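Notes to accompany the following structure.
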Amino acid sequence: MRGVKVFTGAAASVLLLACMGPVPALADTIEAALVRAYQNNPQLNAQRASVRFTDENVPQALSGYRPKVAVNASIGYQYSDTLTTAGGTPSTLVRTQLHGTDPPRSAGATITQTLFNGQQTANRTRAAESQVSGAREGLRVLEQAVLLQAATIYMDYLRDSAIVEVQKSNVRVLEQTLKQTRDRFNVGEVTRTDVAQSRHSSPPARPSS
Numbered sequence: 070m071r072g073v074k075v076f077t078g079a080a081a082s083v084l085l086l087a088c089m090g091p092v093p094a095l096a097d098t099i100e101a102a103l104v105r106a107y108q109n110n111p112q113l114n115a116q117r118a119s120v121r122f123t124d125e126n127v128p129q130a131l132s133g134y135r136p137k138v139a140v141n142a143s144i145g146y147q148y149s150d151t152l153t154t155a156g157g158t159p160s161t162l163v164r165t166q167l168h169g170t171d172p173p174r175s176a177g178a179t180i181t182q183t184l185f186n187g188q189q190t191a192n193r194t195r196a197a198e199s200q201v202s203g204a205r206e207g208l209r210v211l212e213q214a215v216l217l218q219a220a221t222i223y224m225d226y227l228r229d230s231a232i233v234e235v236q237k238s239n240v241r242v243l244e245q246t247l248k249q250t251r252d253r254f255n256v257g258e259v260t261r262t263d264v265a266q267s268r269h270s271s272p273p274a275r276p277s278s
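Going by the numbering used here, the sequence shown opens with residue 70, and the numbers climb by one from there.
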């Protein structure tokens with residue numbers, strides 16, 4: 070029963086390591102396991118994205134110190150056809166006809182600079198910087214928690230694996246002892262009581278596949 074519990078603990082450790090990333094082999098070092106957890110942990114990746122999003126608030130707040138430029142332009146199309154008549158009598162009547170196109174264009178730019186807005190820009194900048202500092206500290210705390218969890222799971226995995234190997238070795242020794250006791254019983258060196266004691270100490274027989 071104890072062997073079953075240990076094996077279950079090792080399986081749970083493997084499952085938790087799989088949630089953090091690829092399962093490390095026994096040959097991997099704890100440094101490699103920590104690097105893998107640091108790079109692939111979904112909570113850390115989400116927190117890093119949140120910090121990058123918070124960082125954008127600082128340049129937005131600093132934009133209050135910078136000048137603002139507004140550019141406008143317009144272009145159009147105009148067609149005119151004019152007929153002018155001058156003269157008092159039919160013999161002196163003069164008619165003038167003008168027609169053509171005219172594309173009117175205009176462009177302009179306006180630059181404004183805020184000189185004083187009641188310290189609003191300064192306060193917004195300080196608030197944005199404080200938010201960035203808080204987000205980075207939250208990321209640092211989460212990194213420590215994830216690395217501690219990864220190190221704990223890695224060491225538990227190694228411990229449980231070693232215990233399983235020791236128990237497997239003990240099983241092989243007990244099976245060999247039972248076999249030797251049966252052989253000695255067959256030649257009359259021991260009694261049935263000795264065989265029963267060896268069988269009691271040995272693990273249950275494995276079902277044949």
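From the three backbone atoms N, C-alpha and C, an ideal C-beta is built for every residue, glycine too. Here the structure is a predicted model, which is why all the values come from computation and not from measurement.
For residue i, which of helix, strand or coil comes out of DSSP?
i      : result
Val138 : strand
Tyr13  : The question about residue 13 has no answer here: the residues shown for the chain are numbered 70 through 278.
Thr260 : coil
Asn181 : The sequence given here has Thr at residue 181, not Asn. Note: Thr181 maps to strand in three-state DSSP.
Thr98  : coil
Val215 : helix
Val92  : Per-residue confidence for Val92 stands at a pLDDT of 42, beneath the threshold of 50, marking its modelled position as unreliable; the derived number appears in the next sentence. Correct three-state label for Val92: coil.
Asn192 : helix
Gly187 : coil
Asn126 : helix
Asn110 : coil
Excluding the 5 residues preceding and the 5 following residue i in the sequence, name in chain order all residues of the same chain whose CB lies nearer than 6 Å to its CB.
i      : result
Arg174 : Ile144
Gln116 : Leu208 and Leu211
Leu103 : Leu216 and Ala219
Pro172 : Tyr146
Ser277 : The predicted model places Ser277 with a pLDDT of 44, which falls under 50 and marks its position as unreliable; any figure quoted below should be read in that light. Excluding residues within five positions, none has a Cβ falling inside 6 Å.
Arg193 : Ala130
Report the partner residues of residue i according to the DSSP bridge assignment.
i      : result
Thr170 : Tyr148
Ser132 : Beta-bridge pairing links Ser132 to no other residue.
Ala176 : Ala142
Spatial neighbours of residue i within its chain, please: CB distance less than 8 Å, with the 5 preceding and 5 following residues excluded, ordered by chain position.
i      : result
Thr190 : Ala130, Leu131, Gly133, Tyr134 and Thr183
Ala178 : Val138, Ala139, Val140 and Asn141
Leu113 : Tyr107, Leu208, Leu211, Glu212 and Val215
With respect to 7 Å, is the separation between the Cβ of residue i and the closest non-hydrogen atom of the ligand ZN below this value?
i      : result
Arg241 : The ligand ZN is not part of the structure shown, which contains no ligands of any sort.
Cutting at 7 Å between CB atoms, please list the residues of its own chain near residue i, excluding the five before and the five after it.
i      : result
Arg205 : Val120
Ser267 : Thr246, Leu247 and Thr250
Ile99  : Ala220 and Tyr223
Pro91  : Only weak support is given to the placement of Pro91: the predicted model assigns it a pLDDT of 41, under 50, and the value that follows is read from those uncertain coordinates. Counting only Cβ-Cβ distances below 7 Å, and skipping sequence neighbours, we find Arg105.
Pro111 : none
**Asked** Is there contact here, the segment 102-112 with the segment 205-219, by at least three beta-carbon pairs under 8 Å?
**Response** At 8 Å Cβ cutoff, the stretches touch.
State whether the segment 192-203 contacts the segment 118-129, with contact taken as three or more CB pairs (one from each stretch) at a distance under 8 Å.
Flag = yes, the segment 192-203 and the segment 118-129 touch.
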